[in-house]
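Notes for the one structure printed next.
Residue numbers (our numbering), protein chains in the order written: chain W, 52 to 342; chain Z, 2 to 317.
If you want it as structure tokens, here you go:
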């Protein structure tokens, strides 16, 4: 595909196409993951499977916006519901268990392909604990990363608020397609920020140039350290993912705490380290009477 | 310490974040970090013409509970609904990191750790991310979650939920990820707030004006029946303090057995629970209460906590 054709193209709502663009041709085997076999049709909004990316065997976790979950009507257009979150969590634990005795250099990378607008908002979801479902997947990803699995998230479409926390923000590295491809990272759009703050959207856009903290968009998020690298074309995705897998294999710092440091470095979140340092200083002064 | 004594009988629901922090620790033992006097305020709120608070709506510090160092985070719902921004988020992560470093210091003294190891308590009163500094708030949530996983098997992390705002949004899953959830019947816990569900899915799915339905769905009694709440207590600071003491008296194995999520086995148990959700598709929490053997679910909302605890049948 040449660059001009790509310019108006988007992967929003096309998780399965994104998988095809990222993995080595013909390498994706859906539901073939270590430790368990998801039943066909279970948690259809989440796609899991094994594949390779530039020759590196990986496990893929992605969203399928075209799937509808017959059992849970709030799950459509890429929403992560109860089944979806546990399907992803169980897959991650299966990978951790299968590689338990392998040295860090051989642990299977997890590649999260992100295009999700939210977690299941519904009565049954709240009754049965949607908070537990999204939390379970996040803890599994945190454990995988902390035990040495390279975890790379590739935002190809929507990465909205709690759904991004669920599927993305526990990764070691986060990559995002450039905003020209319709990529969206935000908690809420500027129009909603405007309603809450009673400041005109135009003024908010101006303010966002000097303070990226409330604004919607990949570039603002990147300045806060929330995106490690912006990927400029579809074709560049496999190489970028492979590069970050290799960097994580080499032991480079990663994960949410590292993105905190990155946010300070890029000037978007400079107060965070001051707060943590001051607290450590204040604790040191009294620690002896508590420990 | 008359003031501290008075705090003990005070309603947890009505108490401010600082009162909760002071009252949860042993009398006179709470030292606040990054308190109002440090004046580190949100650099982002003034840009949007919002007033700042000198503690950014979160009280953090260390106290003692029966000689055990207790690292306390207490959220203030009266400041922008207890929502978490850059400073408040960093206060949470900073405090949990201090608890972890305290654990590391004692790591070579297992006996001392078992009896007097550090613990973290988070008194939640929040809807999650502060929208005025949403991106920083979101990133802070991920950092807290990462730290909770790091605390596993080392530093117990306890969630206390019984304040006005409840515990929703991203903080709803952070509470779920802790070692034990302690609630009062008035406590509210969930992911998507009632107004948001109604806005997205319609009034038929969720009527955000139906207070008793919201209470049945997100309240302490329902969460206790589902085992999404481990310990249900009366609405007073001393009752929550006793709840913390009870949770910390558990062995690491007992504490692990009470968790909701965080292992493959628990995820499998949850997958079975979701199958039940699909099969039952309850219209109301009462359907689930009867399913678990509560013969008269209509009476449960009006029961006193004591009566409820004596008679309630929970998810096996």
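By construction, the Cβ of each residue, glycine as well, lies at the ideal position given by its N, Cα and C atoms. Every value quoted in this text rests on a predicted model; they were computed, and no experiment measured them.
Residue-chain proximity (residue i, chain Z), Cβ-Cβ < 8 Å
i: residue 185 of chain W; result: yes
i: residue 322 of chain W; result: yes
i: residue 175 of chain W; result: yes
i: residue 235 of chain W; result: no
i: residue 250 of chain W; result: yes
i: residue 198 of chain W; result: no
i: residue 270 of chain W; result: no
i: residue 221 of chain W; result: yes
i: residue 88 of chain W; result: no
i: residue 59 of chain W; result: no
i: residue 333 of chain W; result: yes
Neighbour-count burial assignment, residue i, 16 or more Cβ in a 10 Å radius
i: residue 263 of chain W; result: buried
i: residue 246 of chain Z; result: exposed
i: residue 300 of chain Z; result: exposed
i: residue 210 of chain Z; result: exposed
i: residue 212 of chain W; result: buried
i: residue 52 of chain W; result: Because residue 52 of chain W sits at a pLDDT of 49, beneath the cut-off of 50, its placement in the model cannot be relied upon, and the following sentence gives the value as read from the coordinates. The residue in question, residue 52 of chain W, is exposed, as its Cβ has fewer than 16 Cβ neighbours within 10 Å.
i: residue 80 of chain W; result: exposed
i: residue 182 of chain W; result: buried
i: residue 185 of chain Z; result: buried
i: residue 327 of chain W; result: buried
i: residue 283 of chain Z; result: buried
i: residue 59 of chain W; result: exposed
i: residue 256 of chain W; result: exposed
i: residue 101 of chain W; result: buried
i: residue 110 of chain Z; result: exposed
i: residue 295 of chain Z; result: buried
i: residue 166 of chain W; result: buried
Which listed residue (the options) has its alpha carbon closest to that of residue i
i: residue 169 of chain Z; options: Z:220, Z:147, Z:152 and Z:211; result: Z:220
i: residue 19 of chain Z; options: Z:238, Z:49, Z:215 and Z:200; result: Z:238
i: residue 339 of chain W; options: Z:15, Z:61 and Z:32; result: Z:32
i: residue 72 of chain Z; options: Z:276, Z:44, Z:87 and Z:101; result: Z:101
i: residue 310 of chain W; options: W:232, W:261 and W:221; result: W:221
i: residue 232 of chain Z; options: Z:49, Z:313 and Z:50; result: Z:313
i: residue 6 of chain Z; options: Z:93, Z:236, Z:25 and Z:148; result: Z:25
i: residue 272 of chain W; options: W:68, W:75, W:237 and W:305; result: W:237
i: residue 91 of chain W; options: W:189, W:102, W:161 and W:138; result: W:138
i: residue 40 of chain W; options: W:67, W:232, W:112 and W:129; result: What is shown of chain W runs 52 to 342, which leaves residue 40 of chain W out entirely.
i: residue 178 of chain Z; options: Z:188, Z:197, Z:157 and Z:166; result: Z:157
i: residue 160 of chain W; options: W:127, W:196 and W:253; result: W:196
i: residue 1 of chain Z; options: Z:218, Z:188, Z:292 and Z:131; result: Past the boundaries of the shown model lies residue 1 of chain Z; chain Z is included only from 2 to 317, so the question cannot be answered.
i: residue 12 of chain Z; options: Z:303, Z:235 and Z:310; result: Z:235
i: residue 280 of chain W; options: W:110, W:250 and W:206; result: W:206
Residue i, DSSP secondary structure in three states
i: residue 340 of chain W; result: helix
i: residue 171 of chain Z; result: helix
i: residue 97 of chain W; result: strand
i: residue 184 of chain Z; result: strand
i: residue 226 of chain Z; result: helix
i: residue 120 of chain W; result: coil
i: residue 305 of chain W; result: coil
i: residue 313 of chain Z; result: coil
i: residue 147 of chain Z; result: helix
i: residue 79 of chain W; result: coil
i: residue 52 of chain W; result: For residue 52 of chain W, the predicted structure reports a pLDDT of 49, less than 50, and the residue's modelled location is therefore unreliable. A value from the coordinates is still provided. Here residue 52 of chain W sits in coil by DSSP.
i: residue 177 of chain W; result: helix
i: residue 136 of chain Z; result: helix
i: residue 114 of chain W; result: strand
i: residue 107 of chain W; result: strand
Any chain W beta carbon closer than 8 Å to residue i
i: residue 305 of chain Z; result: no
i: residue 184 of chain Z; result: no
i: residue 106 of chain Z; result: yes
i: residue 110 of chain Z; result: no
i: residue 174 of chain Z; result: yes
i: residue 312 of chain Z; result: no
i: residue 19 of chain Z; result: no
i: residue 23 of chain Z; result: no
i: residue 27 of chain Z; result: no
i: residue 275 of chain Z; result: yes
i: residue 166 of chain Z; result: no
i: residue 91 of chain Z; result: yes
i: residue 210 of chain Z; result: no
(request) Taking only runs that begin and end inside the stretch 240-296 of chain Z, name each unbroken beta strand (DSSP E) of 3 or more residues, in chain order. (result) none
(message) Ignoring anything shorter than 4 residues, give me the alpha helix (DSSP H) runs that lie fully in the stretch 121-154 of chain W, in order along the chain.
(response) 133-149
(message) Please give the ranges of any beta strand (DSSP E) in the stretch 195-272 of chain W, keeping only runs that are unbroken, at least 3 residues long and fully inside the region.
(response) 202-211, 224-228 and 235-237
(request) Could I get the ranges of all uninterrupted alpha helix (DSSP H) runs contained in the stretch 188-219 of chain Z, with 4 residues as the minimum, in chain order? (result) 195-202 and 212-219
(request) Mind listing, in chain order, the continuous beta strand (DSSP E) runs of no fewer than 3 residues lying wholly within the stretch 60-89 of chain Z? (result) 69-76
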